[in-house]
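The sequence shown begins at 49 in this note's numbering and counts up by one.
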Amino acid sequence: TYVIAEPCVDLLDKACIEECPVDCIYEGGRMMYIHPDECVDCGACEPVCPVEAIYYEDDVPEQWTAYTKANVDFFDDLGSPGGASKVGKTEMDVEPAKSLPPQEH
Ligand code: F3S
Ligand code: F3S
Numbered sequence: 049t050y051v052i053a054e055p056c057v058d059l060l061d062k063a064c065i066e067e068c069p070v071d072c073i074y075e076g077g078r079m080m081y082i083h084p085d086e087c088v089d090c091g092a093c094e095p096v097c098p099v100e101a102i103y104y105e106d107d108v109p110e111q112w113t114a115y116t117k118a119n120v121d122f123f124d125d126l127g128s129p130g131g132a133s134k135v136g137k138t139e140m141d142v143e144p145a146k147s148l149p150p151q152e153h
């Protein structure tokens, strides 16, 4: 799977969601999250993020490894909806994004 990390927090550029063929990038309150089971590893989202927030799971920079878990934890309650557009925006976030101070962009 691919993982969205800290640079997305309080930015949510959303260029990534236009590229995803399986609509597996979901909107939280402060960032977007990739569904780890629904992502088909196509990699199309990664180069279009203007702040390089998206990484293949094995390539997540060390300071952001908690975001690998965040992209899993976000779906604890949501499960596997099979499409982000039908879920729409949620106000939910998980750690570490949830407690991060406001991010300037
Ligand atoms: Fe976030 Fe980058 Fe997508 S800022 S919403 S991961 S394009
Ligand atoms: Fe979609 Fe990116 Fe995965 S475009 S399928 S979330 S690698």
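Every residue, glycine too, gets a C-beta built ideally from N, C-alpha and C.
Tell me which residues share the same chain as residue i and place their Cβ nearer than 6 Å to its Cβ, disregarding the 5 neighbours each side in the sequence.
i, result
"residue 142", "118, 121, 122"
"residue 78", "57, 58, 141, 145"
"residue 88", "70"
"residue 131", "71"
Short check: CB of residue i to CB of residue j, under 9 Å?
i, j, result
"residue 138", "residue 75", "yes"
"residue 68", "residue 97", "no"
"residue 115", "residue 95", "no"
"residue 51", "residue 73", "no"
Does the distance between the C-beta of residue i and the nearest non-hydrogen atom of ligand 4 fall short of 8 Å?
i, result
"residue 126", "Only ligand 1 and ligand 2 can be found as ligands here, which leaves ligand 4 out of the picture."
Identify the residues that DSSP records as bridge partners of residue i: which are they?
i, result
"residue 75", "80, 137"
"residue 102", "52"
For residue i, which residues in the same chain have their Cβ closer than 8 Å to its Cβ, ignoring the five residues on either side in sequence?
i, result
"residue 100", "55"
"residue 109", "53, 103"
"residue 128", "83, 85, 86"
Using 9 Å as the limit for Cβ to Cβ distance, is residue i near chain C?
i, result
"residue 135", "Among the protein chains of the structure shown there is no chain C, as only one such chain exists."
Return the Cβ separation of residue i and residue j in integer angstroms, given the expectation that the two are a contact with Cβ distance under 8 Å.
i, j, result
"residue 148", "residue 70", "Between residue 70 and residue 148 the Cβ distance is about 28 Å, and since that is not below 8 Å, they are no contact."
"residue 84", "residue 49", "4 Å"
Ordered along the chain, which non-local residues of its own chain (more than five positions away) have a Cβ less than 7 Å from that of residue i?
i, result
"residue 90", "69"
Worksheet item: Taking any heavy atom of ligand 1 as the mark, which residues have a C-beta closer than 7 Å to it, listed down the chain?
Response: Ordered along the chain, the selected set is 52, 55, 56, 59, 60, 61, 62, 63, 64, 65, 73, 79, 80, 93, 96, 97, 98, 99, 101, 102.
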